[in-house]
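Reviewing the structure listed below.
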Amino acid sequence: MESLDTLLAAHRAYLLGWNIGMAGSPDLPTYRSEVPHAPLNGVLRVRGRAPQDALAEARHRLEGVPRIWWVGPDSDAGTGDALASLGAVQLARMPIMTVAIDEASTAPTPAGLHIVETTDLSEFVPAYARVSGIRPDGIAATMDREKAFSGDGTVIRLAGRLDDGQIAGTAVAWLSHGLLTLYFVGTQPEHRRRGIGTAMTRAALDLARERGIRAAALTSSAAGEPIYRRMGFRTVGTFQLLSF
8 MESLDTLLAA HRAYLLGWNI GMAGSPDLPT YRSEVPHAPL NGVLRVRGRA
58 PQDALAEARH RLEGVPRIWW VGPDSDAGTG DALASLGAVQ LARMPIMTVA
108 IDEASTAPTP AGLHIVETTD LSEFVPAYAR VSGIRPDGIA ATMDREKAFS
158 GDGTVIRLAG RLDDGQIAGT AVAWLSHGLL TLYFVGTQPE HRRRGIGTAM
208 TRAALDLARE RGIRAAALTS SAAGEPIYRR MGFRTVGTFQ LLSF
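Following this note's numbering, the residues of the sequence shown are numbered contiguously, the last one being 251.
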């Protein structure tokens with residue numbers, strides 16, 4: 008199994024792929040996509056920096072866009088409490104989960120679902136935007152950033168299409184640091200409770216294994232955590248998501 012440091016480095020690499028602003032130094036890396044969606048702009052960690060100074064510098068870099076602070080095992084101990092004392096509010100706690108691909112449970116593909124790689128962002132981005140909470144007025148900017156994505160790894164976009172061609176499920180497979188990291192795994196609301204999200208995850212695991220990758224990781228919402236646990240993912244750390 009890959010180390011926690013490797014999982015965190017892969018996660019930072021993916022979000023930095025969205026960045027078109029000043030990324031900053033390793034002690035305070037930030038990413039700015041200009042998409043009006045907080046998870047696509049933010050601070051990735053704080054190391055060896057006084058929280059008040061870090062806040063001032065991050066505000067300067069990220070002024071004008073909604074953003075979040077990822078405070079996890081790669082930030083200094085006590086960072087979350089220090090930021091809270093400066094006015095930060097916790098939005099969520101997200102488990103960092105990982106699994107050895109060969110040990111993950113199998114999952115059937117629901118009848119009528121066809122999971123394929125796609126490069127058609129005109130359908131793919133609106134599909135995951137609807138599930139992820141990206142506003143309609145942010146879809147064009149999201150597509151622009153996807154087209155210009157430049158990260159230390161490979162992005163593979165998977166679309167789960169129904170027989171009528173409609174996209175019912177999405178997943179982004181990020182291959183970096185010898186690891187698969189998953190993003191934008193989601194199912195359209197009208198097609199939930201059919202096992203589509205599980206099937207999308209399993210398809211990404213299979214794709215990564217075909218490319219010689221042996222481990223996978225993700226950060227999970229509260230709703231998704233039981234699904235990933237059933238597949239064999241286990242929690243190895245936690246992110247606090249904070250906002251000012």
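Cβ atoms here follow ideal geometry from the backbone N, Cα and C, with glycine treated the same way.
This one's a predicted model, so the numbers in the text were calculated from it and none came from an experiment.
Taking all protein chains in view, the Cβ of Ser112 is surrounded by fewer than 16 other Cβ atoms within 10 Å, so the residue is classified as exposed. Cα atoms of Gly160 and Ser40: separation of roughly 18 Å, rounded to the nearest angstrom. Across the structure, Arg216 and Ile108 are spaced so that their CA atoms are roughly 7 Å apart. Pairwise C-beta distances place the stretch 219-232 out of contact with the stretch 158-172, as fewer than three of them are shorter than 8 Å. Fully contained in the stretch 203-237 are the following alpha helix (DSSP H) runs of length 4 or more, in chain order: 203-217. DSSP, reduced to helix, strand and coil, places Gly71 outside both helices and strands of the structure shown, so it counts as coil.
In the structure shown, Glu9 falls within a coil segment according to DSSP collapsed to helix, strand and coil.
Contact between the stretch 226-234 and the stretch 92-109 is present, with at least three C-beta pairs closer than 8 Å. Counting other Cβ atoms within 10 Å of its Cβ, Pro33 stays below 16 and is therefore classed as exposed. Taking a C-beta distance under 9 Å as the contact criterion, Leu214 and Thr13 do not qualify as a contact pair. When DSSP reads this structure, Val96 sits in a beta bridge with Ser250.
Taking each of Tyr38, His44, Met207 and Val123 in turn and checking the Cα distance to Val50, the smallest one comes out for Tyr38. Rounded to the nearest whole angstrom, the C-alpha separation of Ala61 and Glu153 is 28 Å. About 6 Å separates the CB atoms of Thr188 and Leu225; that is less than 8 Å, so the two are in contact. If you draw a 10 Å sphere on the C-beta of His121, you find fewer than 16 other C-beta atoms in it, and that means exposed. According to the DSSP secondary-structure assignment, Val179 is paired through a beta bridge with Arg164 and Tyr190.
Taking Ala89 as the centre and dropping the five residues before and after it, the same chain places the C-beta of Pro58 closer than 6 Å to its C-beta, in chain order. Asp144 counts as exposed, since fewer than 16 other C-beta atoms from the protein chains shown sit within 10 angstroms of its C-beta. Burial state of Leu93 is exposed, judged by a 10 Å Cβ sphere holding fewer than 16 other Cβ atoms. In this structure, Ala206 and Ala114 form a Cβ contact; the two beta carbons are roughly 6 Å apart against a cut-off of 8 Å.
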